[in-house]
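Asker: Before we start, here is the structure in question, set down as structure tokens.
2 protein chains.
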Amino acid sequence: MKIVIVGATGTMGKYLAGAFEKDHEIVRVGSSGGDIRADITSLKSIEHLFEEVGSFDALISTAGPSYVGPWNSMTDKEFRKGLEGKLMGQINLVLVGQRYINAGGSFTLIAGALTTDPQRNFANAAAANGAIEAFVRAAAIELDKGIRINAVSPTVIEDSPQYFPYFPGEVPVTMRALEYGFRKSVFGAATGQVITPR
Amino acid sequence: MKIVIVGATGTMGKYLAGAFEKDHEIVRVGSSGGDIRADITSLKSIEHLFEEVGSFDALISTAGPSYVGPWNSMTDKEFRKGLEGKLMGQINLVLVGQRYINAGGSFTLIAGALTTDPQRNFANAAAANGAIEAFVRAAAIELDKGIRINAVSPTVIEDSPQYFPYFPGEVPVTMRALEYGFRKSVFGAATGQVITPR
Numbered sequence: 104m105k106i107v108i109v110g111a112t113g114t115m116g117k118y119l120a121g122a123f124e125k126d127h128e129i130v131r132v133g134s135s136g137g138d139i140r141a142d143i144t145s146l147k148s149i150e151h152l153f154e155e156v157g158s159f160d161a162l163i164s165t166a167g168p169s170y171v172g173p174w175n176s177m178t179d180k181e182f183r184k185g186l187e188g189k190l191m192g193q194i195n196l197v198l199v200g201q202r203y204i205n206a207g208g209s210f211t212l213i214a215g216a217l218t219t220d221p222q223r224n225f226a227n228a229a230a231a232n233g234a235i236e237a238f239v240r241a242a243a244i245e246l247d248k249g250i251r252i253n254a255v256s257p258t259v260i261e262d263s264p265q266y267f268p269y270f271p272g273e274v275p276v277t278m279r280a281l282e283y284g285f286r287k288s289v290f291g292a293a294t295g296q297v298i299t300p301r
Numbered sequence: 104m105k106i107v108i109v110g111a112t113g114t115m116g117k118y119l120a121g122a123f124e125k126d127h128e129i130v131r132v133g134s135s136g137g138d139i140r141a142d143i144t145s146l147k148s149i150e151h152l153f154e155e156v157g158s159f160d161a162l163i164s165t166a167g168p169s170y171v172g173p174w175n176s177m178t179d180k181e182f183r184k185g186l187e188g189k190l191m192g193q194i195n196l197v198l199v200g201q202r203y204i205n206a207g208g209s210f211t212l213i214a215g216a217l218t219t220d221p222q223r224n225f226a227n228a229a230a231a232n233g234a235i236e237a238f239v240r241a242a243a244i245e246l247d248k249g250i251r252i253n254a255v256s257p258t259v260i261e262d263s264p265q266y267f268p269y270f271p272g273e274v275p276v277t278m279r280a281l282e283y284g285f286r287k288s289v290f291g292a293a294t295g296q297v298i299t300p301r
């Protein structure tokens, strides 16, 4: 299977690429490294990415830039970070990528537990996650040729301890549980689902 | 109570203004009419709106422009209609409006059942709704001075029969149930809730 991993130089993407590369062809996409560089906040960059990738069987996105910071100083400007990144960036990966994905392929986007379990400083990521989760449910009923779409929605992850203080009460998700969440989406039959590895 | 209704010339906003005007001071805001005109897709217009309104006790938004149309021709361009309208427009009403709202006041935004019950042609509205619902949960834990925020999430409404064919299986929400959903948010004590009038 040819699997495109967008965000492949990040903590999650690197782990997933390592887990899947034994059995599959992995195309690593990152903003500053990988096999192909792409900036998901730019529609042009996404279009170039797929022109270079060509056809593929699965796309995994772990790329979710968003604004983290205090509510009081949050304005339109800060909010656009997650709007153009985690939200529209990932949605454009699907809107453009559907022209290149093989029949029976799958898209797996990254959301997060903040959708339902908010934490201080994360209103921007929460909104982006909520949009992504609703989007995959809506896109699933319209994609044809057996193409599936899901979101994986972890809480803070084991290998990002720098975020633990921001997520009081959240048991960190192990990298193995995270990997199996993505496995369920990519190799299973589910579509329109929000998979919550815990 | 001074209640600002954004979307006051639309079907929902007009009804709510009529229901609440007996007991409250209503400021009707519309894109093409009302006491004050404002375009919620423009941050400048929102800033001017609040300069004109001054302090207030409750803001109701029923303003949710989004793109309705077939999945196959949906691109970044179409998707931005809901992104700038129902999503960022409403979020900017809160980000800017919080500087003008009185202590103990409330924001009530409009979402919709498409968040969890998608229908064909509505992926854009679904994503916007999902973002709004997650946003109110996140904003509720950061707003101070007793300021509350909720979303009302109806399915298709009784007075918009032109939409019935797009929502097979959805029992239309009566205008009375819709009104009571907004009453719960504006006059009750709930915050961070998605109220689903049915």
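Line by line, the protein sequences give chains A and B. To convert, count from 1 in the first sequence and add 103; that's my numbering. To convert, count from 1 in the second sequence and add 103; that's my numbering. Note that CB positions come from ideal geometry on N, CA and C, so glycine has one too. Only a predicted model underlies this, so the values are computations on that prediction, with no experimental measurement involved.
Against Thr218 of chain A, what residues of chain B qualify as contacts under a CB-to-CB distance less than 7 Å, listed in chain order?
Answerer: The count along the first sequence starts at 1 and reaches residue 218 of chain A at position 115. Per Cβ cutoff of 7 Å: Ala237.
Asker: Distance check for Gln201 of chain B and Lys147 of chain B, CA to CA, integer angstroms please.
Answerer: Taking the first residue of the second sequence as position 1, residue 147 of chain B is located at position 44. Taking the first residue of the second sequence as position 1, residue 201 of chain B is located at position 98. Roughly 16 Å separates the two Cα atoms.
Asker: Arg223 of chain A touches chain B at which residues, Cβ-Cβ below 8 Å?
Answerer: Here residue 223 of chain A refers to the residue found at position 120 when the first sequence is read from its first residue. The answer, in chain order, is Ile244 and Glu245.
Asker: Does any CB atom of chain A fall closer than 8 Å to the CB of Phe270 of chain B?
Answerer: The sequence position of residue 270 of chain B within the second sequence is 167, counting from 1. By this cut-off, Phe270 of chain B is not an interface position.
Asker: Is Ile143 of chain B close to chain A, meaning its C-beta is less than 8 Å from at least one C-beta of that chain?
Answerer: Residue numbering aside, residue 143 of chain B sits at position 40 when the second sequence is read from its first letter. No - not a single Cβ of chain A is within 8 Å of the one on Ile143 of chain B.
Asker: Examine chain B for any beta-carbon lying closer than 8 Å to the beta-carbon of Phe290 of chain A, and answer yes or no.
Answerer: Against the first sequence, residue 290 of chain A aligns to sequence position 187. Chain B contact via Cβ: absent.
Asker: Thinking Gln193 of chain B and Leu212 of chain B are a contact (beta carbons under 8 Å), I'd like their distance in whole angstroms, please.
Answerer: In the second sequence, counting from the first residue as 1, residue 193 of chain B sits at position 90. In the second sequence, counting from the first residue as 1, residue 212 of chain B sits at position 109. With 8 Å as the limit, Gln193 of chain B and Leu212 of chain B qualify as a contact, their Cβ atoms being about 5 Å apart.
Asker: Just to confirm the assignment: which complete alpha helix (DSSP H) runs, minimum length 4, are found wholly within the segment 201-260 of chain B?
Answerer: You should have 226-243.
Asker: Between Arg240 of chain A and the rest of its own chain, which residues show a CB-CB distance below 6 Å, the 5 nearest in sequence each way excluded?
Answerer: Residue mapping note: residue 240 of chain A aligns to position 137 of the first sequence, counting from 1. The answer, listed in chain order, is Gly295.
Asker: Since Phe182 of chain B meets chain A, which of its residues come closer than 9 Å, beta carbon to beta carbon?
Answerer: The count along the second sequence starts at 1 and reaches residue 182 of chain B at position 79. Result: Met191, Ile194, Asn195 and Leu198.
Asker: Using alpha carbons as the reference points, say which of B:Glu154, B:Gly291, B:Ile260 and B:Asp220 lies closest to Met278 of chain B.
Answerer: Here the question's residue 278 of chain B lines up with position 175 in the second sequence. Met278 of chain B has its Cα closest to that of B:Ile260, out of B:Glu154, B:Gly291, B:Ile260 and B:Asp220.
Asker: Among the residues of its own chain, which have a CB less than 6 Å from the CB of Gly167 of chain A, if the five just before and after it don't count?
Answerer: As a working note, residue 167 of chain A is residue 64 in the first sequence. The residues are Lys189 and Ile213.
Asker: What does a CB cutoff of less than 7 Å around Ala111 of chain B pick up in its chain, not counting 5 residues either side in sequence?
Answerer: Indexing the second sequence from 1 puts residue 111 of chain B at position 8. Once the five neighbours on either side are set aside, the close Cβ partners of Ala111 of chain B are Lys117, Ala120, Arg131, Val132, Gly133 and Gly137.
Asker: Rounding to the nearest angstrom, what Cα-Cα distance links Ile129 of chain B and Glu155 of chain B in this structure?
Answerer: Translated into positions along the second sequence, residue 129 of chain B becomes position 26. Translated into positions along the second sequence, residue 155 of chain B becomes position 52. Cα to Cα, the separation comes out at about 14 Å.
Asker: Which residues bound the beta strand (DSSP E) around Asp142 of chain A?
Answerer: Along the first sequence, one-based indexing puts residue 142 of chain A at 39. That residue, Asp142 of chain A, is in no beta strand (DSSP E); it is neither H nor E in DSSP.
Asker: Go ahead and pull the three-state DSSP assignment for Asp126 of chain A.
Answerer: The residue given as residue 126 of chain A occupies position 23 in the first sequence. If DSSP states are grouped into helix, strand and coil, Asp126 of chain A belongs with coil.
Asker: When the distance is taken between beta carbons, is Asn227 of chain B closer than 8 Å to Ser176 of chain B?
Answerer: Residue mapping note: residue 176 of chain B aligns to position 73 of the second sequence, counting from 1. Residue mapping note: residue 227 of chain B aligns to position 124 of the second sequence, counting from 1. No.
Asker: What does Ala122 of chain A touch in chain B if you count any residue whose Cβ is under 8 Å from its own?
Answerer: Here residue 122 of chain A is taken as the residue at index 19 of the first sequence, counted from 1. Simply none; closest approach about 29 Å.
Asker: Measuring alpha carbon to alpha carbon, tell me which of A:Asp126, A:Asp160, A:Asn195 and A:Arg140 ends up nearest Arg251 of chain A.
Answerer: Here residue 251 of chain A refers to the residue found at position 148 when the first sequence is read from its first residue. Out of A:Asp126, A:Asp160, A:Asn195 and A:Arg140, A:Asp160 has the C-alpha closest to the C-alpha of Arg251 of chain A.
Asker: Which partner residues does Ser164 of chain B have in the DSSP bridge list?
Answerer: Position 61 of the second sequence, counted from the start, is the residue given in the question as residue 164 of chain B. BP columns for Ser164 of chain B point to B:Val109.
Asker: Residues of chain B with CB under 9 Å from Asp179 of chain A, in chain order?
Answerer: Along the first sequence, read from residue 1 onward, the residue named residue 179 of chain A stands at position 76. The contacting residues are Leu146, Ile149, Met191, Ile194, Asn195, Leu198 and Val199.
Asker: Starting from Ala206 of chain A, find everything on chain B with Cβ-Cβ shorter than 8 Å and list it in chain order.
Answerer: As a first step, residue 206 of chain A must be located in the first sequence, where it is residue number 103. Per Cβ cutoff of 8 Å: no residues; Ala206 of chain A is ~15 Å from chain B at best.
Asker: Near Pro173 of chain B, what residues of its chain come up, given a Cβ to Cβ distance below 7 Å and the 5 sequence neighbours on each side ignored?
Answerer: Sequence index remark: in the second sequence, residue 173 of chain B carries index 70 (1-based). Around Pro173 of chain B: Asn224.
Asker: If we call anything under 8 Å between Cβ atoms a contact, is Gly215 of chain B one with Pro257 of chain B?
Answerer: To locate residue 215 of chain B, count along the second sequence from 1; it is residue 112. To locate residue 257 of chain B, count along the second sequence from 1; it is residue 154. In this structure, Pro257 of chain B lies closer than 8 Å to Gly215 of chain B by Cβ.
Asker: Which one of A:Ala231, A:Met104, A:Ile204 and A:Tyr269 has the shortest CA to CA distance from Lys248 of chain A?
Answerer: What you label residue 248 of chain A is simply residue 145 of the first sequence in a count that begins at 1. Here the closest residue by C-alpha is A:Ile204.
Asker: I'd like the span of the alpha helix (DSSP H) that includes Glu273 of chain A, first residue to last.
Answerer: In the first sequence, counting from the first residue as 1, residue 273 of chain A sits at position 170. It is not in any alpha helix (DSSP H) - Glu273 of chain A carries neither H nor E in the DSSP assignment.
Asker: Looking at the C-beta of Leu281 of chain B, does it have a partner C-beta in chain A at a distance below 8 Å?
Answerer: In the second sequence, counting from the first residue as 1, residue 281 of chain B sits at position 178. Leu281 of chain B does not count as touching chain A.
Asker: I want to see whether chain A comes within less than 8 Å of Leu152 of chain B, judged by CB atoms only; does it?
Answerer: Within the second sequence, residue 152 of chain B is the residue found at index 49, counting from 1. Not one chain A Cβ lies under 8 Å of Leu152 of chain B.
Asker: Roughly how many whole angstroms lie between the Cα atoms of Thr114 of chain A and Asp262 of chain A?
Answerer: The sequence position of residue 114 of chain A within the first sequence is 11, counting from 1. The sequence position of residue 262 of chain A within the first sequence is 159, counting from 1. Going from the Cα of Thr114 of chain A to the Cα of Asp262 of chain A covers about 7 Å.
Asker: Let's test the definition: count the other Cβ atoms within 10 Å of the Cβ of Thr178 of chain B and tell me whether it reaches 16, buried, or not, exposed.
Answerer: Looking up residue 178 of chain B in the second sequence gives position 75. Its Cβ having fewer than 16 others within 10 Å, Thr178 of chain B is exposed.
Asker: Suppose the cutoff is 8 Å on Cβ atoms and the five residues either side in sequence are ignored; what does the same chain contact list for Ile106 of chain A look like?
Answerer: Taking the first sequence and counting its residues from 1, the one referred to as residue 106 of chain A is at position 3. Closer than 8 Å at Cβ, skipping near neighbours: Phe123, His127, Glu128, Ile129, Val130, Phe159, Asp160, Ala161, Leu162, Ile163 and Val289.
Asker: For Ala234 of chain B versus Gly207 of chain A, is the C-beta spacing smaller than 8 Å?
Answerer: Taking the first residue of the second sequence as position 1, residue 234 of chain B is located at position 131. Taking the first residue of the first sequence as position 1, residue 207 of chain A is located at position 104. Taking 8 Å as the Cβ cut-off, Ala234 of chain B and Gly207 of chain A do not qualify as a contacting pair.
Asker: If you draw a straight line from the alpha carbon of Val199 of chain A to that of Phe210 of chain A, how long is it in whole angstroms?
Answerer: In the first sequence, residue 199 of chain A corresponds to position 96, counting from 1. In the first sequence, residue 210 of chain A corresponds to position 107, counting from 1. For Val199 of chain A and Phe210 of chain A, the distance between alpha carbons rounds to 12 Å.
Asker: Would you please state the rounded distance, in angstroms, between the beta carbons of Ile143 of chain B and Leu186 of chain B? I believe it to be under 8 Å.
Answerer: For this step, residue 143 of chain B is matched to residue 40 along the second sequence. For this step, residue 186 of chain B is matched to residue 83 along the second sequence. So it is not a contact: roughly 12 Å between Cβ atoms.
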